[in-house]
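Student: Okay, handing you the structure first.
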Amino acid sequence: MIGVGILGCGGIARAHADAYARFPERCRVVAAADVFPDRAESFARQIGPDVAASGRPEEVLARADVDLVSVCAPPFAHAPLTVAALRAGKHVLVEKPMATGVDECDAMIEAAASSGRMLSVVHQNRFSPEMTRLKALCASGALGPLDLVCVQCLWWRGPEYYRLWWRGTWDKEGGGALLNHAIHFVDLMVWLAGMPTEARAMVATRAHAVEVEDLAAAVLRFPGGAVGQFTGTVDAHLNEDRLELCGRRAAVAVPWKVRACVDTGNGFGRPDAAVAAEVEAAAAAVPVPALRGHAAEIDRLLAALEAGGPPPVSGEDGRRAVEVVAAVYAAAASGAPCPLPLARDHPFYAADGLRAGMRRLLRGAAAQG
Ligand SMILES: NC(=O)c1ccc[n+]([C@@H]2O[C@H](COP(=O)([O-])OP(=O)(O)OC[C@H]3O[C@@H](n4cnc5c(N)ncnc54)[C@H](O)[C@@H]3O)[C@@H](O)[C@H]2O)c1
Numbered sequence: 003m004i005g006v007g008i009l010g011c012g013g014i015a016r017a018h019a020d021a022y023a024r025f026p027e028r029c030r031v032v033a034a035a036d037v038f039p040d041r042a043e044s045f046a047r048q049i050g051p052d053v054a055a056s057g058r059p060e061e062v063l064a065r066a067d068v069d070l071v072s073v074c075a076p077p078f079a080h081a082p083l084t085v086a087a088l089r090a091g092k093h094v095l096v097e098k099p100m101a102t103g104v105d106e107c108d109a110m111i112e113a114a115a116s117s118g119r120m121l122s123v124v125h126q127n128r129f130s131p132e133m134t135r136l137k138a139l140c141a142s143g144a145l146g147p148l149d150l151v152c153v154q155c156l157w158w159r160g161p162e163y164y165r166l167w168w169r170g171t172w173d174k175e176g177g178g179a180l181l182n183h184a185i186h187f188v189d190l191m192v193w194l195a196g197m198p199t200e201a202r203a204m205v206a207t208r209a210h211a212v213e214v215e216d217l218a219a220a221v222l223r224f225p226g227g228a229v230g231q232f233t234g235t236v237d238a239h240l241n242e243d244r245l246e247l248c249g250r251r252a253a254v255a256v257p258w259k260v261r262a263c264v265d266t267g268n269g270f271g272r273p274d275a276a277v278a279a280e281v282e283a284a285a286a287a288v289p290v291p292a293l294r295g296h297a298a299e300i301d302r303l304l305a306a307l308e309a310g311g312p313p314p315v316s317g318e319d320g321r322r323a324v325e326v327v328a329a330v331y332a333a334a335a336s337g338a339p340c341p342l343p344l345a346r347d348h349p350f351y352a353a354d355g356l357r358a359g360m361r362r363l364l365r366g367a368a369a370q371g
């Protein structure tokens with residue numbers, strides 16, 4: 003039986019508690035902490051009669067019956083809480099974004115390596131049926147070599163959303179629409195298409211009275227030459243998202259659509275029903291998780307802890323998404339392409355440098371109107 007502690011008892015903590023509750027023979031939440039003790043109290047009462055509540059995360063980390071800690075605090079607290087938990091001998095599942103800078107991700111990965119504990123990051127959308135199928139199609143080469151990756155994360159959030167004390171700030175949220183919202187798609191894009199080698203970008207704060215960006219648009223280059231086009235915003239009344247992978251042989255979009263073209267003889271295309279049907283059949287044959295979201299990822303994490311295998315989403319995976327975000331910010335700030343991997347001495351490698359650079363960029367843009 004794996005004992006679980008939850009650090010941070012706000013909105014997403016409930017998704018963790020509900021997911022752990024799906025596996026009562028394998029794990030049990032035994033303690034929860036929040037810097038606001040009343041929040042920890044009411045959360046603990048809601049999720050179970052015997053859950054201990056504390057206003058001090060270190061009390062949860064000191065408990066011998068806690069093996070695994072879910073870090074559900076805001077982004078600025080992810081690295082310190084994760085490092086403290088790993089050093090206390092606990093395994094960690096940390097919410098996205100893994101951290102607010104690549105340097106913080108490095109410290110978390112280092113703490114996992116030196117403690118011998120497991121570090122995993124929440125990127126639960128990898129486990130949807132569509133993404134599971136798309137990943138298998140990419141791995142099998144069914145789409146042919148990738149030419150274009152398009153992501154449109156066109157979400158909408160209103161002013162009320164940013165009234166929460168930590169949101170919308172460089173110090174606490176660590177970033178805006180790209181780091182906190184579209185990061186789900188940054189992770190999916192990198193997982194499906196590989197780590198980009200170069201980013202060019204523009205970011206802006208348009209529709210919200212916050213210091214972080216509410217809109218980011220990037221163009222990326224992938225190994226093998228594929229080009230990516232990535233937009234992430236919380237300003238879009240469309241409030242929908244779309245990911246498209248265009249391979250040389252066929253294209254797939256999520257929400258799910260498969261298309262292939264064949265030359266009509268005069269250079270134009272008509273649907274190639276045979277190739278599309280073949281790709282659809284290959285996708286349909288892929289086993290998909292019975293569970294969704296956090297439960298699907300936590301099911302795999304528990305299995306990895308029980309059997310000693312790798313985590314479903316590793317610290318390195320979480321770091322890759324943060325590194326792409328940092329490179330997109332760096333490209334936007336400099337107006338020049340930013341090569342990936344991000345150089346260790348690049349000012350945006352560290353969370354402090356990233357924040358300083360982005361404040362300068364967006365304050366400058368605001369001053370110009
Ligand atoms: N995976 C997803 O789909 C998803 C969805 C929503 C939020 N999130 C992520 O979850 C995290 C939390 O978001 P939320 O919406 O639950 O925020 P929230 O403000 O509702 O909850 C966070 C809680 O953490 C507490 N906290 C702050 N600092 C702490 C510390 N040092 N130690 C312990 N507790 C502390 C706060 O008091 C608050 O109660 C963020 O990183 C966010 O990006 C992920």
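Numbers in the numbering used here are just positions in the sequence shown, counted from 1, shifted up by 2.
The beta-carbon is built from N, C-alpha and C at its ideal position, and this holds for glycine as well.
Given the structure is predicted, the values throughout are model-derived calculations rather than measurements.
(1) Under 8 Å by Cβ, that's how I've got V192 and A323 pegged, so tell me the actual separation to the nearest angstrom.
(2) Compute the Euclidean distance between the alpha carbons of R202 and P343, then round it to the nearest angstrom.
(3) Is it right to say M3 is buried, meaning 16 or more other beta carbons lie within 10 angstroms of its own, or is it exposed?
(4) Tell me whether E215 counts as near ligand 1, meaning its Cβ is closer than 7 Å to at least one heavy atom of that ligand.
(5) Mind pulling the alpha helix (DSSP H) runs of 4 or more residues that sit fully within the segment 212-292?
(6) Relative to ligand 1, is the shortest distance from any of its heavy atoms to the C-beta of W168 smaller than 7 Å?
(7) Between G249, L180 and G7, which has its C-alpha nearest D149's C-alpha?
(8) Go through its chain and collect everything with a Cβ distance to A253's Cβ below 6 Å, but skip five positions before and after it.
(9) Are the beta-carbon atoms belonging to R119 and K98 less than 8 Å from one another?
(10) How about L194 and K137: do their beta carbons lie closer than 8 Å?
(11) What are the start and end residues of the alpha helix (DSSP H) that includes G7?
(12) What separation, rounded to the nearest whole angstrom, lies between the Cα atoms of Q154 and R346?
(13) Work out the CA separation of L63 and A86 for me, nearest whole Å.
(14) Is L303 helix, strand or coil by DSSP?
(15) Quick test of your reading: V236 and G230, contact by CB under 8 Å. State the CB separation rounded to the nearest angstrom.
(16) Which of the three DSSP states is assigned to L156 in this structure?
(17) Could you tell me whether the Cβ atoms of W172 and V104 are closer together than 8 Å?
(18) For E175, count the other beta carbons within 10 Å of its own beta carbon; 16 or more makes it buried, fewer makes it exposed. Which is it?
(19) Taking only the alpha-carbon atoms, compute the straight-line gap between V212 and G170 and give it to the nearest angstrom.
(20) Note the first and the last residue of the continuous alpha helix (DSSP H) segment covering R365.
(21) Among V71, R159 and A33, which residue has its Cα nearest to the Cα of R238?
(22) Since H296 and V124 should fall inside the 8 Å C-beta cutoff, what is the C-beta to C-beta distance between them, to a whole number of angstroms?
Tutor: On the basis of the data shown:
(1) 6 Å
(2) 14 Å
(3) exposed
(4) no
(5) 275-286
(6) yes
(7) G249
(8) R261
(9) no
(10) yes
(11) G7 -> not in any alpha helix (DSSP H); beta strand (DSSP E) instead, spanning I4 to L9.
(12) 30 Å
(13) 8 Å
(14) helix
(15) Not really, about 20 Å apart at Cβ, beyond 8 Å.
(16) strand
(17) no
(18) buried
(19) 5 Å
(20) A353 to A369
(21) Checking the sequence, you will find Ala at residue 238 rather than Arg. Answer by Cα proximity: R159.
(22) 7 Å
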